[in-house]
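Student: Protein chains in written order, with our numbering: chain A, 51 to 589; chain B, 18 to 532. By construction, the Cβ of each residue, glycine as well, lies at the ideal position given by its N, Cα and C atoms.
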Amino acid sequence: MRLSRREMLSAILGTPLASALAACEREPETAAIAGGFVEPSMEVGHRLRDAAPRDGDFEGAPVTRTEVAIVGGGPAGLSAAWRLARAGRDFRLLELEPQCGGTSRSERDGGLRHPWGAHYITTPLSDGGPLVELLDELGALSREDARGRLGGQEELLVREPKVRLFYRGYWYPGLYPRVGASDDDLTQLARFERRMAGFAALRDGRGRRAFAIPVDASSDDPELTALDRISATEWLKREGLTSTRLHWLLDHACRDDYGLTLEHTSAWALIFYHASRMDPARDNDADVLTWPEGNGALVAHLEGAAGGRIDTGQLVTTVVPEGDGVRVDAIDWRSGKARRVRARRAIMAAPRFIARRLVRAGLPAGSADFQYGAWLVANLHLRGRPRSRGHEDAWDNVLHDSPSLGYVSATHQRGRSFGPSVWTYFMPMVDGDARAGRKRLLEPSWQDYRDAVIADLARAHAELEPQVSRVDVCRWGHGMIQPRPGFIWGPSRWAAAQPVGPIHFAHSDLSGIALFEEAFHHGVRAADEVRAALKEGPT
Amino acid sequence: MSGVQNRAPLLFLTVLIIATAGLVYELLAGAIATTVLGNSLRQYSITIGVYLFAMGVGAYLSKFIEQRIAQRFVDIELAAALIGGTQGLLLYLAYGRADAFGVLLYGTLTIIGILVGLEIPLLMRILRDDLDFKDLVAKVLTFDYLGALIGSLVFSIVLVEMLMIPLERIGILFGLLNCAVGLMSTWVLREHIYPRGRLQLRLKGLLVGGILVLALVYSTRLRIVGEQGLYPERIVHVEQSPYQRIVLTSDSSRLSLYIDGNLQFTSMDEYRYHESLVHPAMADAPAGARVLVLGGGDGLAARELLRYPDLGSVTLVDLDPAITDLARTLPGLRTLNGDALADARIEVINDDAMVWLDEARPGAIAPFDVVIVDFPDPNNFSLGKLYTRRFYRLVREVMKEDASLVVQSTSPLIARKSFWCVERTIASVGLHTVPYHVSVPSFGEWGYVMARRTHFEPPARLRADVTDGLRFLDDAMLPGLFTFPRDMAPVEVELNRLNHQVLVHYYSAEWAQVN
Chain A
51 MRLSRREMLS AILGTPLASA LAACEREPET AAIAGGFVEP SMEVGHRLRD
101 AAPRDGDFEG APVTRTEVAI VGGGPAGLSA AWRLARAGRD FRLLELEPQC
151 GGTSRSERDG GLRHPWGAHY ITTPLSDGGP LVELLDELGA LSREDARGRL
201 GGQEELLVRE PKVRLFYRGY WYPGLYPRVG ASDDDLTQLA RFERRMAGFA
251 ALRDGRGRRA FAIPVDASSD DPELTALDRI SATEWLKREG LTSTRLHWLL
301 DHACRDDYGL TLEHTSAWAL IFYHASRMDP ARDNDADVLT WPEGNGALVA
351 HLEGAAGGRI DTGQLVTTVV PEGDGVRVDA IDWRSGKARR VRARRAIMAA
401 PRFIARRLVR AGLPAGSADF QYGAWLVANL HLRGRPRSRG HEDAWDNVLH
451 DSPSLGYVSA THQRGRSFGP SVWTYFMPMV DGDARAGRKR LLEPSWQDYR
501 DAVIADLARA HAELEPQVSR VDVCRWGHGM IQPRPGFIWG PSRWAAAQPV
551 GPIHFAHSDL SGIALFEEAF HHGVRAADEV RAALKEGPT
Chain B
18 MSGVQNRAPL LFLTVLIIAT AGLVYELLAG AIATTVLGNS LRQYSITIGV
68 YLFAMGVGAY LSKFIEQRIA QRFVDIELAA ALIGGTQGLL LYLAYGRADA
118 FGVLLYGTLT IIGILVGLEI PLLMRILRDD LDFKDLVAKV LTFDYLGALI
168 GSLVFSIVLV EMLMIPLERI GILFGLLNCA VGLMSTWVLR EHIYPRGRLQ
218 LRLKGLLVGG ILVLALVYST RLRIVGEQGL YPERIVHVEQ SPYQRIVLTS
268 DSSRLSLYID GNLQFTSMDE YRYHESLVHP AMADAPAGAR VLVLGGGDGL
318 AARELLRYPD LGSVTLVDLD PAITDLARTL PGLRTLNGDA LADARIEVIN
368 DDAMVWLDEA RPGAIAPFDV VIVDFPDPNN FSLGKLYTRR FYRLVREVMK
418 EDASLVVQST SPLIARKSFW CVERTIASVG LHTVPYHVSV PSFGEWGYVM
468 ARRTHFEPPA RLRADVTDGL RFLDDAMLPG LFTFPRDMAP VEVELNRLNH
518 QVLVHYYSAE WAQVN
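(1) Under a three-way DSSP split, which group does B:Leu-33 fall into?
(2) Would you please verify whether the beta carbon of A:Ala-576 is less than 9 angstroms from any beta carbon of chain B?
(3) Determine the DSSP secondary structure at B:Tyr-248, reduced to helix, strand or coil.
(4) What whole-angstrom Cβ distance do B:Glu-136 and B:Ile-93 have, given they're in contact under 8 angstroms?
(5) Would B:Phe-392 and B:Ala-420 be called neighbours here (beta carbons separated by less than 9 angstroms)?
(6) Listing by chain order, which chain B residues have their CB less than 7 angstroms from the CB of A:Ser-467?
(7) Rounded to whole angstroms, what is the Cα-Cα separation between A:Asp-271 and A:Leu-560?
(8) So the beta strand (DSSP E) B:Asn-195 belongs to, where does it begin and stop?
(9) Can you give me, in chain order, the residues of the stretch 161-179 of chain B that have a beta carbon less than 7 angstroms from any beta carbon in chain A?
(10) Rounding to the nearest angstrom, what Cα-Cα distance links B:Ile-129 and B:Met-181 in this structure?
(11) Could you name the residues that DSSP lists as bridge partners for A:Arg-389?
(12) If you draw a straight line from the C-alpha of A:Glu-183 to the C-alpha of B:Val-171, how long is it?
(13) Since A:Pro-264 contacts A:Glu-57 with CB under 8 angstroms, what's their CB separation in whole angstroms?
(14) Can you check whether the CB of A:Asp-379 is closer than 9 angstroms to the CB of A:Arg-389?
(15) Pull up the distance between the alpha-carbon of B:Met-18 and that of B:Asp-147, whole angstroms please.
(16) How should A:Met-51 be labelled, buried or exposed, when 16 other C-beta atoms within 10 angstroms of its C-beta is the threshold for buried?
(17) Should B:Trp-204 be labelled buried (16 or more other beta-carbon atoms within 10 Å of its own) or exposed?
(18) Which chain B residues are close to A:Glu-205, counting only those with a beta carbon under 8 angstroms from its beta carbon?
(19) Taking Cβ positions only, does A:Tyr-220 come closer than 9 angstroms to chain B?
(20) So, with DSSP's three-state summary, where would you put A:Leu-191?
(21) Of all Cβ atoms in chain B, is any one closer than 9 angstroms to the Cβ of A:Arg-158?
(22) Answer yes if the stretch 220-240 of chain A comes into contact with the stretch 453-463 of chain A, meaning at least three C-beta pairs across the two stretches below 8 angstroms, and no otherwise.
(23) To which residues of the same chain is B:Ser-525 closer than 6 angstroms at the C-beta, ignoring the five residues directly before and after it?
(24) With 9 angstroms as the C-beta to C-beta threshold (strictly closer), list the residues of the stretch 136-149 of chain B near chain A in chain order.
(25) Less than 9 angstroms separating the beta-carbons of A:Pro-211 and A:Asp-443?
(26) Which same chain residues end up closer than 8 angstroms to A:Arg-55 when comparing Cβ atoms and leaving out the 5 residues on each side of it in sequence?
(27) So which residues of chain B does A:Glu-77 contact, with C-beta pairs closer than 9 angstroms?
(28) Buried or exposed: which applies to B:Arg-320, given that a residue is buried once 16 or more other Cβ atoms fall within 10 Å of its Cβ?
(29) Less than 9 angstroms between CB atoms is the rule here; does A:Val-434 satisfy it with respect to chain B?
(30) By a C-beta neighbour count over all protein chains shown, 10 Å radius and 16 as the cutoff for buried, is A:Pro-535 buried or exposed?
(31) Out of B:Arg-478, B:Phe-501 and B:Gly-486, state which residue places its alpha-carbon closest to the alpha-carbon of B:Leu-495.
(32) Whose C-alpha, out of B:Thr-442, B:Gly-39, B:Val-242 and B:Arg-469, is nearest the C-alpha of B:Asn-195?
(33) Closer than 7 angstroms by C-beta to A:Ala-68: which residues in its own chain qualify, once you throw out the five before and the five after it? Chain order, please.
(34) Would you please state the rounded distance, in angstroms, between the beta carbons of B:Asp-369 and A:Arg-490? I believe it to be under 8 angstroms.
(35) Assuming A:Ala-545 and A:Phe-555 are in contact, meaning their beta carbons sit under 8 angstroms apart, how far apart are those beta carbons, in whole angstroms?
(36) Beta-carbon within less than 6 angstroms of A:Asp-337's beta-carbon, same chain only, minus the 5 sequence neighbours each way: which residues are those?
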């Protein structure tokens, strides 16, 4: 049954916005706009869930021998491969999709590169370590500052204006809705910022930052980790921070980084979002590094480092210890042919909900505590730029009264302010229950999403539809791990990171926070575990 | 029940639309008055006061209309449609003529107020015999005030903010609506109007409707006529390119180019600006020099370059093809630039200068002997990026070892921090700088920054073979350009970076104090 436009808008954008749209707006003409669902091999994944092949299918299949088998070619798996490649180790990486990168995937359409998910990382706050090594390989860092401090190359630091907000019919600079804010609102904002600066400067008895990227470098002082047991809403209440504008700002932050509303986010995660990126030495936020294709640039570099030792389109069905090593069974789902990889060690660089199905024995309890948010990402291909009232186009363009996070412009960093562009529109399903969000994500048709995205953005851009040639939609059913209260400093996350025999684990979900830096950290950590084990073990 | 009774809902719809349209006319007048005269609080207070007072006058005058009331009512509706509908356009036509604007604004506002004020009392008198009076008064006034609410919400939220319809078109659209209601009234009130009168009214209605449709079709063109009021000379060309609004004006003695309302040059003194931009940097250029011009699509810097008989080649990169096309085709401009862009030594590329430099790397373009940077002032972030460290780094990469760079750098007197910010930013990428300034009457005191990879002294003399043709610069005055008096001396500034464009902030703050 096809829903009415009003029902469709209400299902995707929520009832208040749908009513406002239905009440006072012409219906955009979208029929001529092409596109479709462009997404990961959800069906293949479901085949794995529903009908796991039997071991018998693999008897007599061709066998590949290698030192390390890496399962999963997202940022964690690629980072592990990069680390092993730099250490001169032999490995083979198996990826389900035809393209590596996971949620850091990107695409090139003619001359325009654009992201399908993650699109920035924070400039490291201290010089040294594997991430700095990686960024130096990319030529992304600069030490030209008068005091020789670490910074990003100017062309990779987000070009001003970084963010603008559509609020009550007008675009304003910055993210916080300043216009009409009361003195109390501004005082609370300042108080919150001071509080975060305090957390950023805080060190524990062992000299560790209270909140650091990666999460594993943060202090585990019980007084701080206790913050993980309450919700962000609860913490704000305790702090007497009640301003609705501040709550909007922080709710946006949580939806943006975690796909959760304030009430479902751990207070520790809320503070982490702000404090981990602040550089107390400079009294400001660390700059953000971005590329036109988002983190796809990092993915491309890591893939290059793997030097052809990546096989895509591989549906891995089993990862199991065997003899003094490990066996990986997989099916090339394009040809339907079975294969086996025998390795001395394996790195499971897949999210927990997949790892638990592939590694059948010996996993610790607690896999069910890993909750993943569902995300909608739409790429709007534009012939030219639609008009807007107020502040000029920014990199990140946020709409105040929208369940979406707004859009990021692929041409902003390049400096092209006119002509064709691609806007990447993000919307997390922030339902209280992650599974309900996933169900809601899958219900609407592509046409419904196209129309809802256009209706949402047309509020801020008159004559938007004639400029849009194409709307491609990607549904990430398990888009990002969610730091709900109790998860980051609970037992399950730590237990899941421990090796099971010759099988090691790497994924951003082991941090509870879906940042490239976290995935990279776990990839490098797992690779280092494997290197140490290979040195000790028989050769 | 009479026929009119049956059609009562339509009558109340009429009241509603009259009220909505009336309020929209009033708000339009306020909005346009604000854009032209500024001070929104005052403009809205006065327009609302005048309008309400005029409505009171209309209500009073209604008692003098005694015969053929229904026919007069429709006449008044049509008159309100015509004047209310075209008021916005008329006001734009009077743009820039402050005296005429005020008279027109309050004149039309008063007339519209009177007409709208006449309508409700007349309608009530027409209907008093058809409907119960108590009920009539209650309903008419209810719909009248409801219409006012709808008018205010629809105007501000839907039409202006959401649909972003130009103000003059909103007026015309409501005029048409008002006119349609007038025509409808000839049918709703047919028992009250003689057949001949009905025909007359319908013809009048169609005439008013026709005028309004024409006004709608030509509104953009008519508004340009109005835009003329903003410029001191006659507009000879207006063009809205995807990038900017280009206006050329002219009178017997001069030709001027405006981009987005900002003066780019006027032929009376542009030679001062362009000679000073080009010749100091060219003073030491080798024979057969390869020159890069970034911006400068008007061809005037190119004209100065073509004075050098041994010039090698010029690559000119300007974002907007509309500008370079004008420089090639508009007779007045071709005369002024000596048809420079038709010269075989000049290659024109239409692209964003920064993207072009970036994509040309590394080493895809042969380096240049002279680079001339002639962009509009950094009044937004899209332009501001062309003054960043990143940009000058890219420029540096296409400069030969002994190449000269010159950058137009706004006014060191009016925008002192902006000027020194440009100078410091250029110096920060490892270039040696020599700032200088000249007086360009239509701009004011104007600044430039010369730069090279190695230390250099300001040029002591210009190239002897071009000085004869110059109207402003000569060797004797040259040393004076390089000294800065106290009120333009260097100040502490931050560097302009892509991710933190301090220059755009300096610039808007400094020029805001002047404008």
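Tutor: On the basis of the supplied data:
(1) B:Leu-33: helix per DSSP, three-state reduction.
(2) no
(3) coil
(4) 6 angstroms
(5) For B:Phe-392 and B:Ala-420, no; Cβs fall outside 9 angstroms.
(6) Listed along the chain, the chain B residues whose CB falls inside 7 angstroms of the CB of A:Ser-467 are Ser-399.
(7) 19 angstroms
(8) Here B:Asn-195 belongs to no beta strand (DSSP E); instead the alpha helix (DSSP H) covers 184-205.
(9) Against chain A - using a Cβ distance shorter than 7 angstroms - the residues of the stretch 161-179 of chain B are Ile-174, Val-175, Glu-178 and Met-179.
(10) Between B:Ile-129 and B:Met-181, the C-alpha separation is close to 24 angstroms.
(11) Beta-bridge annotation (DSSP): A:Arg-389 is paired with A:Ala-380.
(12) 58 angstroms
(13) Actually they are not in contact, since the Cβ atoms of A:Pro-264 and A:Glu-57 sit about 43 angstroms apart, beyond 8 angstroms.
(14) yes
(15) A caution first: B:Met-18 carries a pLDDT of 43, below 50, which makes its placement in the model too unreliable to give a value.
(16) Since pLDDT at A:Met-51 reaches only 48, below the 50 mark, its modelled position is unreliable, and the value read off the structure follows with that caveat. Exposed.
(17) exposed
(18) Asp-375, Arg-407 and Leu-515
(19) Closer than 9 angstroms: yes.
(20) It is a strand residue.
(21) no
(22) no
(23) Counting only Cβ-Cβ distances below 6 angstroms, and skipping sequence neighbours, we find nothing.
(24) none
(25) yes
(26) Ala-72, Glu-77 and Asp-501
(27) Ordered by position in chain B, no residue passes the 9 angstroms Cβ test against A:Glu-77, which lies about 13 angstroms from the chain.
(28) buried
(29) Before going further, note that residue 434 of chain A is Gly rather than Val in the sequence given. Taking a beta-carbon distance threshold of 9 angstroms, A:Gly-434 counts as an interface residue toward chain B.
(30) The Cβ neighbour count for A:Pro-535, taken over all protein chains shown within 10 Å, is at least 16; the residue is labelled buried.
(31) Ranking B:Arg-478, B:Phe-501 and B:Gly-486 by Cα distance to B:Leu-495 puts B:Arg-478 first.
(32) B:Gly-39
(33) Arg-56, Leu-59 and Ser-60
(34) The pair is not a contact, with the Cβ atoms about 42 angstroms apart (cut-off 8 angstroms).
(35) Rounded, the Cβ-Cβ distance is 10 angstroms, inconsistent with contact.
(36) Thr-173, Gly-202 and Leu-207
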